[in-house]
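Residues in the sequence shown are numbered consecutively from 45, following our numbering. Only one structure is covered here, and it is reproduced in the block below.
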Amino acid sequence: MQDLQCDGYASLKQGFEVHIWNPGQGPAFQKTVSLLPGLDDSVRYLEFYHRCARPVLSGNFDNSFWSRTTLQMAFSEPAVRHALIALGYLHSTESGSLKHARSRFTAITESKTFLHHYNMSVKSLVDRMGQSNYKTEVGLVTCLLFVCMEFLRGNHQTAFTHLINGLNIITEREKKVRHDSVNSPLSSCSVDTSTTLTTFNISTLIEDELKPIFIRALTSAMLYGAVLDIRPYVTDLDLRHFEDLRFSNIREMELSAYEVRNHSILQSRYLGLKRHFYQVKVFTAKELGQKQLVLDCQQAWYAATEHYRNTHALTKSDELVIQALLIGHYITYIWLLCQLDPTAMAIDAYLDEFQTVLLYCERILDSMDLDTPQHAARFTFEISLIPALYSVALRCRCPVTRRKAVALLQRNPPREGLWDVATHLLVAKRVIEMEEVEVDERGWPVERTRLWNVGVNADMDRKGGFWAYFTPNEELKKTVEEGRPLSKAEFLHV
Numbered sequence: 045m046q047d048l049q050c051d052g053y054a055s056l057k058q059g060f061e062v063h064i065w066n067p068g069q070g071p072a073f074q075k076t077v078s079l080l081p082g083l084d085d086s087v088r089y090l091e092f093y094h095r096c097a098r099p100v101l102s103g104n105f106d107n108s109f110w111s112r113t114t115l116q117m118a119f120s121e122p123a124v125r126h127a128l129i130a131l132g133y134l135h136s137t138e139s140g141s142l143k144h145a146r147s148r149f150t151a152i153t154e155s156k157t158f159l160h161h162y163n164m165s166v167k168s169l170v171d172r173m174g175q176s177n178y179k180t181e182v183g184l185v186t187c188l189l190f191v192c193m194e195f196l197r198g199n200h201q202t203a204f205t206h207l208i209n210g211l212n213i214i215t216e217r218e219k220k221v222r223h224d225s226v227n228s229p230l231s232s233c234s235v236d237t238s239t240t241l242t243t244f245n246i247s248t249l250i251e252d253e254l255k256p257i258f259i260r261a262l263t264s265a266m267l268y269g270a271v272l273d274i275r276p277y278v279t280d281l282d283l284r285h286f287e288d289l290r291f292s293n294i295r296e297m298e299l300s301a302y303e304v305r306n307h308s309i310l311q312s313r314y315l316g317l318k319r320h321f322y323q324v325k326v327f328t329a330k331e332l333g334q335k336q337l338v339l340d341c342q343q344a345w346y347a348a349t350e351h352y353r354n355t356h357a358l359t360k361s362d363e364l365v366i367q368a369l370l371i372g373h374y375i376t377y378i379w380l381l382c383q384l385d386p387t388a389m390a391i392d393a394y395l396d397e398f399q400t401v402l403l404y405c406e407r408i409l410d411s412m413d414l415d416t417p418q419h420a421a422r423f424t425f426e427i428s429l430i431p432a433l434y435s436v437a438l439r440c441r442c443p444v445t446r447r448k449a450v451a452l453l454q455r456n457p458p459r460e461g462l463w464d465v466a467t468h469l470l471v472a473k474r475v476i477e478m479e480e481v482e483v484d485e486r487g488w489p490v491e492r493t494r495l496w497n498v499g500v501n502a503d504m505d506r507k508g509g510f511w512a513y514f515t516p517n518e519e520l521k522k523t524v525e526e527g528r529p530l531s532k533a534e535f536l537h538v
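Laid out in structure tokens, this is it:
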């Protein structure tokens, strides 16, 4: 089966190059949608999306997209309609586990129903982009549905391609808006040059709903280890902006959280790659200054968040949403702060923060109905708990705290994008086993056995087998003459 290659979102109206799949290669609502042409029996998968998949996919910040935008657009846009049917079909046939998804994907045994509607969505979008009344929003909504489907199928490379294509559309549109505003002196519309957001003829759907989902998906991809150049999609940080932050609502808090979080992940990966691949021991003043800027902005965001919590009457639901944002803050902040520690022991100073992360994760898990069987796949598009719990299990030396993280993972929350519980639970247990082969008098792993990095190969085989790579911290102490740091590869099974 040929996989779908969408290299052509880059232009708003041209260059959409795809490889179409073919099977050889690889109630009131229902009454309403049944009036749409060309659906036949497939209407039941649109109904399934509406009744079963949509509530599972909807999160704190994207409920409007999954519950309203996609369904409204499906009535007038065939590309969105066929994509929703394909997504509804997937949700009705997938369990949610990465092992199940990869067993189908690697076996090249997709259903004709799924392939037909996926291909029809692509064809409809190509045709639509050639029409004079084509709207960018249609392409972006369809693109997000493609990303979601590929996440659910465990097809990470194609998912990342769709993700970058969507971000390219947004970036190109913003450049055009700036250009048009500069060349339209009679326009009374304003442009905020300090950010990629503008008030000039920009659809509120794109800025208020679609772009934030793309940015959050980018966070998920980077945390997962995707090798992406995200620099075109992030703006420069302004410390004064963050120091002056005063949130008027939780939505503003969320938007700024992901802005600074992506910078933190980007900076952590940059410094880590220089340490590992280029064996750099001393960093420049500019590099250290950029690291400190990101940390200062994160702290300023945290201060603004605490001010909001202390000055507003919050519901239990509000508090859980804020705690979910704080979980991401703590994990990325500690990661960047301790990235250059040559001992991998300085992280001990943040035991209280790790325990706070676990407290917040437990509260969120307690609020979820994990025991009731559901018809749709146990899968959500947004990341929330799994990356954080996995990070605590790997990074924290305290044996009690890291085992608490493992215990919370064992409660089996739904898969979050590509973040699968079974996979990361297995790796976390293996890391603890490897590090605690030698412990101090408290039972904490000693410096000699600490791991600096753990990599998980996303290309799981159909039987649940995958490669994991463990890099001892001692390896990073090698000089260039002694050779590159070596990782230990192990083949694991879920």
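No residue lacks a Cβ here, since even glycine has one placed at the ideal position from N, Cα and C.
Next on the checklist: Judging by CA-CA distance, which residue of H144, Q383, A145, L134 is the nearest neighbour of L159?
Outcome noted: For the purposes of this step, residue 159 is identified with residue 115 of the sequence shown, where counting begins at 1. Per the Cα distances, L134.
Item to check | Reference E479; option with closest CA among V465, D464, W496, T467 | outcome: Along the sequence shown, read from residue 1 onward, the residue named residue 479 stands at position 435. The option with the nearest alpha carbon to E479 is W496.
Next on the checklist: On the DSSP letters alone, give me the boundaries of the beta strand (DSSP E) that L188 sits inside.
Outcome noted: Stepping through the sequence shown from its first residue, residue 188 is reached at position 144. Note, L188: premise wrong, no beta strand (DSSP E); alpha helix (DSSP H) at 180–197.
Next on the checklist: Does K532 come out as helix, strand or coil in the three-state DSSP assignment?
Outcome noted: Here residue 532 corresponds to residue number 488 of the sequence shown, with the count starting at 1. Here K532 sits in strand by DSSP.
Item to check | Coil, strand or helix - S232 by DSSP | outcome: Residue mapping note: residue 232 aligns to position 188 of the sequence shown, counting from 1. Model confidence at S232 stands at a pLDDT of 42, short of 50, so the residue's coordinates are unreliable and nothing is read from them.
Checklist entry - Measuring CB to CB, does L453 end up less than 9 Å from V444? => result Stepping through the sequence shown from its first residue, residue 453 is reached at position 409. Stepping through the sequence shown from its first residue, residue 444 is reached at position 400. No, they are not a contact pair.
Checklist entry - Going by the beta-carbon positions, is the gap between L299 and A344 smaller than 9 Å? => result On the sequence shown, position 255 is the one that residue 299 refers to. On the sequence shown, position 300 is the one that residue 344 refers to. Not in contact: L299 and A344 (Cβ atoms no closer than 9 Å).
Item to check | Top-ranked residue by Cα proximity to F286, from Y277, R217, N293, E303 | outcome: Within the sequence shown, numbered from 1, the residue matching residue 286 stands at position 242. Nearest of Y277, R217, N293, E303 to F286, Cα basis: E303.
Checklist entry - From I408 to H468, what distance separates their C-alpha atoms? => result Taking the first residue of the sequence shown as position 1, residue 408 is located at position 364. Taking the first residue of the sequence shown as position 1, residue 468 is located at position 424. Roughly 19 Å between the two C-alpha positions.
Item to check | Own chain partners of G527 with C-beta closer than 7 Å, once the 5 adjacent residues on each side are dropped | outcome: On the sequence shown, residue 527 is found 483 positions in, with the first residue counted as 1. None.
Checklist entry - Expressed to the nearest angstrom, what Euclidean distance is found between the alpha-carbon atoms of R455 and K219? => result For the purposes of this step, residue 455 is taken as residue 411 along the sequence shown, with counting starting at 1. For the purposes of this step, residue 219 is taken as residue 175 along the sequence shown, with counting starting at 1. R455 and K219: Cα-Cα distance of roughly 45 Å.
Item to check | Contacts around G132, its chain only, beta-carbon distance under 7 Å, and the 5 residues preceding and following it disregarded | outcome: Taking the sequence shown and counting its residues from 1, the one referred to as residue 132 is at position 88. Once the five neighbours on either side are set aside, the close Cβ partners of G132 are Y89, L90, F92, Y93, A97.
Item to check | Unbroken beta strand (DSSP E) run spanning T493, endpoints | outcome: As a working mapping, residue 493 is identified with position 449 in the sequence shown. Segment: none, T493 is in no beta strand (DSSP E) and carries neither H nor E.
Checklist entry - Is H200 near the ligand PLP, judged by its Cβ being under 8 Å from some heavy atom? => result Judged by which ligands are present, the structure shown has none, so any question about the ligand PLP falls away.
Checklist entry - Can you list the alpha helix (DSSP H) stretches of 4 or more residues lying completely in the segment 248–272, in chain order? => result 255–268
Checklist entry - Which runs of the alpha helix (DSSP H) spanning at least 4 residues fall entirely within the segment 327–384, listed in chain order? => result 329–355, 360–381
Checklist entry - Who are the Cβ neighbours of H126 in its own chain at under 7 Å, not counting the five residues just before and after it? => result Position 82 of the sequence shown, counted from the first residue, corresponds to residue 126. Around H126: H161, M164, S165, S168.
Next on the checklist: In whole angstroms, give me the CA-to-CA distance for D385 and L520.
Outcome noted: For the purposes of this step, residue 385 is taken as residue 341 along the sequence shown, with counting starting at 1. For the purposes of this step, residue 520 is taken as residue 476 along the sequence shown, with counting starting at 1. Their Cα atoms are separated by approximately 11 Å.
Item to check | A466, enclosing alpha helix (DSSP H) - first and last residue | outcome: Against the sequence shown, residue 466 aligns to sequence position 422. First-last of the alpha helix (DSSP H) with A466: 465–479.
Checklist entry - Excluding the five sequence neighbours on either side, which residues of its own chain have a C-beta within less than 6 Å of the C-beta of S491, listed in chain order? => result Position 447 of the sequence shown holds residue 491. Sequence check: residue 491 is Glu here, not Ser. Cβ within range, chain order: T387, M389.
Next on the checklist: Nearest by alpha-carbon distance to R446: which of W488, D484, R422, P417 is it?
Outcome noted: Residue 446 sits at position 402 when you count from the first residue of the sequence shown. Selected option, being the one with the closest Cα: W488.
Item to check | Residue from N199, Y394, N212, E253 with nearest C-alpha to L462 | outcome: Here residue 462 refers to the residue found at position 418 when the sequence shown is read from its first residue. The candidate whose alpha carbon is nearest that of L462 is N199.
Next on the checklist: Checking the sheet assignment: what are the DSSP bridge partners for V483?
Outcome noted: Residue numbering aside, residue 483 sits at position 439 when the sequence shown is read from its first letter. Answer is P489.
Checklist entry - Once you ignore the five residues that flank Q383 on each side, which residues in its own chain have a CB closer than 7 Å to its CB? => result What you label residue 383 is simply residue 339 of the sequence shown in a count that begins at 1. So the qualifying residues of the chain are S312, L315, G316.
Checklist entry - Do the CB positions of T215 and Y268 come within less than 9 Å of each other? => result In the sequence shown, the residue the question calls residue 215 occupies position 171. In the sequence shown, the residue the question calls residue 268 occupies position 224. Not in contact: T215 and Y268 (Cβ atoms no closer than 9 Å).
Next on the checklist: At the level of alpha carbons, what is the spacing between V124 and R172?
Outcome noted: Here residue 124 is taken as the residue at index 80 of the sequence shown, counted from 1. Here residue 172 is taken as the residue at index 128 of the sequence shown, counted from 1. Cα to Cα, the separation comes out at about 11 Å.
Item to check | Complete alpha helix (DSSP H) runs within the segment 97–135 (minimum length 4 residues, chain order) | outcome: 98–101, 114–120
Checklist entry - Nearest to F44 by CA position, among P256, F109, L530, L101, is which residue? => result Any answer about residue 44 is impossible in this case: the structure gives the chain only from 45 up to 538.
Item to check | For A27, the first and last residue of its enclosing beta strand (DSSP E) | outcome: Given that the chain is displayed from residue 45 to residue 538, the structure contains no residue 27 and the question cannot be resolved.
Next on the checklist: Is it buried or exposed, F535, if we count other Cβ atoms within 10 angstroms and call 16 or more buried?
Outcome noted: For the purposes of this step, residue 535 is identified with residue 491 of the sequence shown, where counting begins at 1. So F535 counts as exposed.
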